[in-house]
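**Student:** The structure that follows is given in the form of structure tokens.
Protein chains: 2
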Amino acid sequence: MNIKSYLEKKRERVNRALAGYLDFSPETPPRLKEAIQYSLEAGGKRIRSILAMASCEACGGEEEKVLPVACALEMIHTFSLIHDDLPAMDNDDLRRGRPTNHKVFGDGMAVLAGDGLLAHAFWLLAKTGTPAEVMEAIAWGTGPSGMVGGQALDLQAEGKKLNIQDLERIHRLKTGRLIAASVTSGARMANAAPGQLEGLQKYGQAVGLAFQIADDILNVEGSPKETGKQKTGSDQKRSKAAYPGLLGLEPSRTKANRLVEEAIASLSIFDDRGDPLREIARFIVARSH
Amino acid sequence: MNIKSYLEKKRERVNRALAGYLDFSPETPPRLKEAIQYSLEAGGKRIRSILAMASCEACGGEEEKVLPVACALEMIHTFSLIHDDLPAMDNDDLRRGRPTNHKVFGDGMAVLAGDGLLAHAFWLLAKTGTPAEVMEAIAWGTGPSGMVGGQALDLQAEGKKLNIQDLERIHRLKTGRLIAASVTSGARMANAAPGQLEGLQKYGQAVGLAFQIADDILNVEGSPKETGKQKTGSDQKRSKAAYPGLLGLEPSRTKANRLVEEAIASLSIFDDRGDPLREIARFIVARSH
Chain A
5 MNIKSYLEKK RERVNRALAG YLDFSPETPP RLKEAIQYSL EAGGKRIRSI
55 LAMASCEACG GEEEKVLPVA CALEMIHTFS LIHDDLPAMD NDDLRRGRPT
105 NHKVFGDGMA VLAGDGLLAH AFWLLAKTGT PAEVMEAIAW GTGPSGMVGG
155 QALDLQAEGK KLNIQDLERI HRLKTGRLIA ASVTSGARMA NAAPGQLEGL
205 QKYGQAVGLA FQIADDILNV EGSPKETGKQ KTGSDQKRSK AAYPGLLGLE
255 PSRTKANRLV EEAIASLSIF DDRGDPLREI ARFIVARSH
Chain B
5 MNIKSYLEKK RERVNRALAG YLDFSPETPP RLKEAIQYSL EAGGKRIRSI
55 LAMASCEACG GEEEKVLPVA CALEMIHTFS LIHDDLPAMD NDDLRRGRPT
105 NHKVFGDGMA VLAGDGLLAH AFWLLAKTGT PAEVMEAIAW GTGPSGMVGG
155 QALDLQAEGK KLNIQDLERI HRLKTGRLIA ASVTSGARMA NAAPGQLEGL
205 QKYGQAVGLA FQIADDILNV EGSPKETGKQ KTGSDQKRSK AAYPGLLGLE
255 PSRTKANRLV EEAIASLSIF DDRGDPLREI ARFIVARSH
């Protein structure tokens with residue numbers, strides 16, 4: 005299979021669906037809607053959505069059924085980016101090559117755009133009759149025990165010397181939990197068997213961490229064009245801990261590769277419908293080579 | 005019935021339940037949990053929770069069943085207070101007589117405490133198997149078409165001259181939608197009949213607006229002890245539009261009283277199990293006399 009064209013096709017599918025799901029009340033202030041659209045339509049990789057779709061299809065489910073879940077995950081991810089970029093957090097001016105939300109709409113509106121996206125994601129899940137266990141997993145992966153908890157750890161860690169265990173704990177919460185929830189949610193939308201779910205859970209955890217390590221490597225090595233950020237090495241400048249700094253560049257690559265192998269190994273019970281998941285795992289790390 | 009002791013009993017019930025629902029993962033950073041608890045346990049009136057409980061009981065439902073919904077509503081309300089107080093929004097230093105969340109924990113952690121509460125509210129709703137239509141109504145009343153949308157209007161209105169229609173639109177979204185959702189959610193948890201739901205919808209809308217007008221009056225007239233804010237008249241100081249300033253004090257009171265009568269009239273099909281709702285409507289406005 006051609007992973008690049010697969011990712012591109014899925015990305016377009018998600019983007020079309022996302023635009024259709026922003027059906028707010030006519031009373032919603034246009035400026036708020038604009039702020040939400042600005043970040044949501046900034047053109048990310050849609051990796052969480054695609055993982056949910058690929059996981060659903062690996063378990064024999066149909067794309068149509070998982071699409072609202074895929075879009076809700078992307079709304080939640082975008083909410084987290086808007087808030088992470090705020091001056092009170094990472095204070096970033098650029099994201100995906102464009103000024104960050106608060107730079108365009110102001111800090112207050114950016115807080116609200118994030119809040120609105122988070123609430124709207126759960127509206128979409130409820131509106132489309134998503135099973136309670138799927139909503140529960142997504143909310144858990146998002147909140148104080150997941151992404152928001154990880155961001156809090158990250159905030160507290162700034163300027164401090166971390167060891168590799170501390171760093172892994174941050175990543176596990178901040179990135180890993182929602183990525184793992186994306187994978188298992190897709191599977192649950194296809195009524196996956198317990199054995200399938202178990203394999204996908206392991207896959208999600210390994211891929212989530214691999215993804216973060218690859219991001220850390222890109223942040224050190226990549227061009228601003230690839231990272232979409234102001235300048236590469238910005239994590240180092242703010243003395244944020246990252247894998248290359250703690251482990252070294254080559255050992256970080258080795259670790260990412262090992263995680264990809266782990267992820268693929270945990271898909272052994274899947275036939276060729278699991279191939280997109282296998283290729284996504286490879287692709288995530290290949291970006292950083 | 006003694007409305008004050010009714011409210012006190014319900015408030016204690018909600019507070020006990022709330023503490024029990026903050027069961028995050030052991031990996032959740034303690035400081036984030038502390039920030040969440042600080043605001044959640046600051047002792048509000050719990051009016052949204054109590055409306056949901058009273059509405060459920062008016063329709064013959066049991067308190068036990070509506071308790072998770074009541075607590076989720078309170079988490080969502082608290083999230084909105086934390087974010088509204090931020091320097092990028094209303095920039096308030098005091099809330100309920102104590103320093104605001106960001107004054108104690110910093111702006112970044114306050115943003116995350118709010119985010120975490122919002123996500124955790126939906127986790128609680130999903131975890132306890134809340135029907136999709138209830139979650140949908142709560143998410144709609146919270147997001148860009150509800151409370152968050154109203155706060156965005158409020159933010160844009162600062163320093164501008166508003167007319168009474170503008171002000172009512174802000175309040176309808178910012179306070180009205182979630183209060184109305186509280187009332188109807190409680191009814192739905194009791195499997196209310198369509199006629200009951202219709203009456204309660206009208207009740208919720210009228211009470212929501214009455215509540216806001218009463219708050220505006222208190223803000224002009226009340227002592228800092230009653231309002232818990234730094235100084236009374238702070239809305240005026242920041243040239244925020246409010247009912248007393250636009251309509252005058254006495255006409256504002258008249259309007260609030262008329263809304264209470266409307267609210268009570270829409271409960272005509274309810275027997276004495278609707279009395280708490282009637283008394284709550286009266287109590288809300290009596291605060292401001």
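Order-wise, the sequence lines are chains A and B. Number 293 marks the last residue of the first sequence (the working numbering); no jumps. Number 293 marks the last residue of the second sequence (the working numbering); no jumps. For every residue, glycine included, the Cβ atom is placed at its ideal position computed from N, Cα and C. Note that this is a predicted model, so its numbers are computed, not measured.
Residues of chain B with CB under 7 Å from A290(A), in chain order?
**Tutor:** Along the first sequence, one-based indexing puts residue 290(A) at 286. The premise fails here: A290(A) is roughly 30 Å from chain B at the closest Cβ pair, so nothing lies under 7 Å.
**Student:** In angstroms, rounded to a whole number, what distance separates the CA positions of G203(A) and I174(A)?
**Tutor:** In the first sequence, residue 203(A) corresponds to position 199, counting from 1. In the first sequence, residue 174(A) corresponds to position 170, counting from 1. The alpha-carbon atoms of G203(A) and I174(A) are separated by roughly 23 Å.
**Student:** What's the C-alpha gap between E61(B) and E283(B)?
**Tutor:** Start at 1 with the first residue of the second sequence, and residue 61(B) comes out as number 57. Start at 1 with the first residue of the second sequence, and residue 283(B) comes out as number 279. When rounded, the distance between both Cα atoms is 14 Å.
**Student:** Could you tell me the alpha carbon to alpha carbon distance between R242(A) and L250(B), rounded to whole angstroms?
**Tutor:** Position 238 of the first sequence, counting from 1, holds the residue named residue 242(A). Position 246 of the second sequence, counting from 1, holds the residue named residue 250(B). Bear in mind that the predicted position of R242(A) carries a pLDDT of just 49, short of 50, making it unreliable; the figure below should be weighed with that in mind. If you take the alpha carbons of R242(A) and L250(B), they lie about 49 Å apart.
**Student:** With G147(B) and H106(A) assumed to form a contact (beta carbons below 8 Å), what rounded beta-carbon distance in angstroms separates them?
**Tutor:** Here residue 147(B) refers to the residue found at position 143 of the second sequence. Here residue 106(A) refers to the residue found at position 102 of the first sequence. Contact flag wrong, Cβ pair sits at about 19 Å.
**Student:** Applying the 10 Å Cβ sphere with the 16-neighbour rule, what's the burial state of Q169(B)?
**Tutor:** For the purposes of this step, residue 169(B) is taken as residue 165 along the second sequence, with counting starting at 1. It counts as exposed.
**Student:** Taking Cβ-Cβ distances below 7 Å as the criterion, which residues of the region 128 to 141 of chain A are in contact with chain B?
**Tutor:** Listed in sequence order: A130, K131, G133, A136, M139 and E140.
**Student:** Select from W127(A), S84(A), M5(A) and D94(A) the residue whose C-alpha is nearest the C-alpha of S29(A).
**Tutor:** Indexing the first sequence from 1 puts residue 29(A) at position 25. Answer by Cα proximity: W127(A).
**Student:** Output, in chain order, the set of chain B residues within a Cβ distance shorter than 9 Å of S272(A).
**Tutor:** Working through the first sequence from its first residue, we reach residue 272(A) at position 268. Chain B residues near S272(A): none, gap ~29 Å exceeds 9 Å.
**Student:** Give me the DSSP bridge partner(s) of P103(B).
**Tutor:** Within the second sequence, residue 103(B) is the residue found at index 99, counting from 1. Paired residues: L98(B).
**Student:** From which residue to which residue does the alpha helix (DSSP H) around A92(B) run?
**Tutor:** If you number the second sequence from 1, residue 92(B) lands on position 88. Per DSSP, A92(B) belongs to no alpha helix (DSSP H) and is neither H nor E.
**Student:** Identify the contact partners of T179(A) in chain B, using a Cβ-Cβ distance below 9 Å as the criterion.
**Tutor:** Within the first sequence, residue 179(A) is the residue found at index 175, counting from 1. Near T179(A) there are no residues of chain B at all, since even the closest Cβ is about 14 Å away, more than 9 Å.
**Student:** For D158(B), tell me which candidate among R20(B), A92(B), E16(B) and A184(B) has the shortest Cα-Cα distance.
**Tutor:** Taking the second sequence and counting its residues from 1, the one referred to as residue 158(B) is at position 154. Closest by alpha carbon: A92(B).
**Student:** Check the Cβ-Cβ distances between T188(B) and every residue of chain A, and say whether any is below 8 Å.
**Tutor:** Numbered from 1 along the second sequence, position 184 holds the residue referred to as residue 188(B). No, T188(B) does not count as interfacial toward chain A.
**Student:** Given F109(A), which residues of its chain have a CB within under 6 Å of its CB, disregarding the five upstream and five downstream residues?
**Tutor:** Counting from one through the first sequence, the residue named residue 109(A) turns up at place 105. Here the set comprises A39.
**Student:** Among I268(A), A56(A) and L171(A), which has the Cα closest to the Cα of F287(A)?
**Tutor:** Position 283 of the first sequence, counted from the first residue, corresponds to residue 287(A). Among I268(A), A56(A) and L171(A), the Cα nearest to that of F287(A) is on I268(A).
**Student:** May I ask you to report which of helix, strand or coil DSSP gives F280(B)?
**Tutor:** Sequence index remark: in the second sequence, residue 280(B) carries index 276 (1-based). Before going on, a small fix: residue 280(B) reads as Pro here, not Phe. Looking at P280(B) - three-state DSSP - the assignment turns out to be helix.
**Student:** In three-state DSSP terms, what is N167(A)?
**Tutor:** The residue labelled residue 167(A) in the question sits at position 163 within the first sequence. If DSSP states are grouped into helix, strand and coil, N167(A) belongs with coil.
**Student:** Closer than 7 Å by C-beta to P248(A): which residues in its own chain qualify, once you throw out the five before and the five after it? Chain order, please.
**Tutor:** Translated into positions along the first sequence, residue 248(A) becomes position 244. The answer, listed in chain order, is D220, I221, V224 and S256.
**Student:** My parser needs the alpha helix (DSSP H) runs of 4 or more residues fully inside the region 155 to 207 of chain A; what are they?
**Tutor:** As far as the region 155 to 207 of chain A is concerned, its whole alpha helix (DSSP H) runs of at least 4 residues are 168 to 175 and 181 to 193.
**Student:** Measure the Cβ-Cβ separation of A210(A) and E172(A) and say whether it is below 8 Å.
**Tutor:** Residue mapping note: residue 210(A) aligns to position 206 of the first sequence, counting from 1. Residue mapping note: residue 172(A) aligns to position 168 of the first sequence, counting from 1. Against a cut-off of 8 Å, the Cβ pair of E172(A) and A210(A) comes out as no contact.
**Student:** Against E172(A), what residues of chain B qualify as contacts under a CB-to-CB distance less than 9 Å, listed in chain order?
**Tutor:** As a position in the first sequence, residue 172(A) is number 168, starting the count at 1. Neighbours of E172(A) on chain B: none; closest Cβ ~11 Å, over 9 Å.
**Student:** Let me know if E78(B) comes out buried or exposed under the rule of 16 or more other beta-carbons within 10 Å of its beta-carbon.
**Tutor:** Along the second sequence, one-based indexing puts residue 78(B) at 74. Classification of E78(B): buried, given that the 10 Å Cβ count is 16 or more.
**Student:** Pick helix, strand or coil for A141(A), following the three-state DSSP scheme.
**Tutor:** As a first step, residue 141(A) is located in the first sequence; it is residue number 137 there, counting from the start. In the structure shown, A141(A) sits in a helix (DSSP, three-state: H, G or I).
**Student:** What residues from chain B crowd round L36(A), counting only those whose CB sits closer than 7 Å?
**Tutor:** If you number the first sequence from 1, residue 36(A) lands on position 32. The contacting residues are P148, G153 and A156.
**Student:** Helix, strand or coil: which one does DSSP assign to F287(B)?
**Tutor:** As a first step, residue 287(B) is located in the second sequence; it is residue number 283 there, counting from the start. Helix, per DSSP.
**Student:** Leaving out five residues before and five after V152(B) in sequence, what residues of the same chain have Cβ atoms less than 7 Å from its Cβ?
**Tutor:** One-based indexing of the second sequence puts residue 152(B) at position 148. Taken in chain order, the residues that qualify are T146.
**Student:** Give the residues of chain A in contact with Q209(B), contact being defined as C-beta atoms less than 9 Å apart.
**Tutor:** For the purposes of this step, residue 209(B) is taken as the residue at position 205 of the second sequence. Under the 9 Å cutoff, chain A gives no residues; its nearest Cβ is about 14 Å from Q209(B).
**Student:** Buried or exposed: which applies to P280(A), given that a residue is buried once 16 or more other Cβ atoms fall within 10 Å of its Cβ?
**Tutor:** Reading the first sequence from its first residue, position 276 is the one you call residue 280(A). By the neighbour-count rule (16 or more Cβ atoms within 10 Å), P280(A) is buried.
**Student:** Using the C-alpha atoms, what's the distance from L36(A) back to K165(B)?
**Tutor:** Residue numbering aside, residue 165(B) sits at position 161 when the second sequence is read from its first letter. Residue numbering aside, residue 36(A) sits at position 32 when the first sequence is read from its first letter. Approximately 20 Å, taken between the alpha carbons.
**Student:** Return the Cβ separation of V115(B) and H81(A) in integer angstroms, given the expectation that the two are a contact with Cβ distance under 8 Å.
**Tutor:** Here the question's residue 115(B) lines up with position 111 in the second sequence. Here the question's residue 81(A) lines up with position 77 in the first sequence. Rounded, the Cβ-Cβ distance is 17 Å, inconsistent with contact.
**Student:** Which class does G336(B) belong to by DSSP, given the choice of helix, strand or coil?
**Tutor:** Absent from the structure is residue 336(B), since the part of chain B shown begins at 5 and ends at 293.
**Student:** Count the other CB atoms, across all protein chains shown, that sit within 10 Å of the CB of P72(B); report buried if there are 16 or more and exposed otherwise.
**Tutor:** If you number the second sequence from 1, residue 72(B) lands on position 68. Looking at its Cβ environment, which holds 16 or more other Cβ atoms inside 10 Å, P72(B) is buried.
**Student:** Candidates T179(B), V138(B) and L129(B): which alpha carbon is nearest S149(B)'s?
**Tutor:** Numbered from 1 along the second sequence, position 145 holds the residue referred to as residue 149(B). Ranking the options by Cα distance to S149(B), first place goes to T179(B).
**Student:** Give a yes or no on whether 8 Å exceeds the smallest Cβ distance from D111(A) to chain B.
**Tutor:** For the purposes of this step, residue 111(A) is taken as the residue at position 107 of the first sequence. Yes, contact with chain B.
**Student:** Give me the Cβ distance between G64(B) and A214(B), rounded to the nearest whole Å; I'm assuming they're in contact under 8 Å.
**Tutor:** Taking the first residue of the second sequence as 1, we reach residue 64(B) at position 60. Taking the first residue of the second sequence as 1, we reach residue 214(B) at position 210. 26 Å between Cβ atoms; not a contact.
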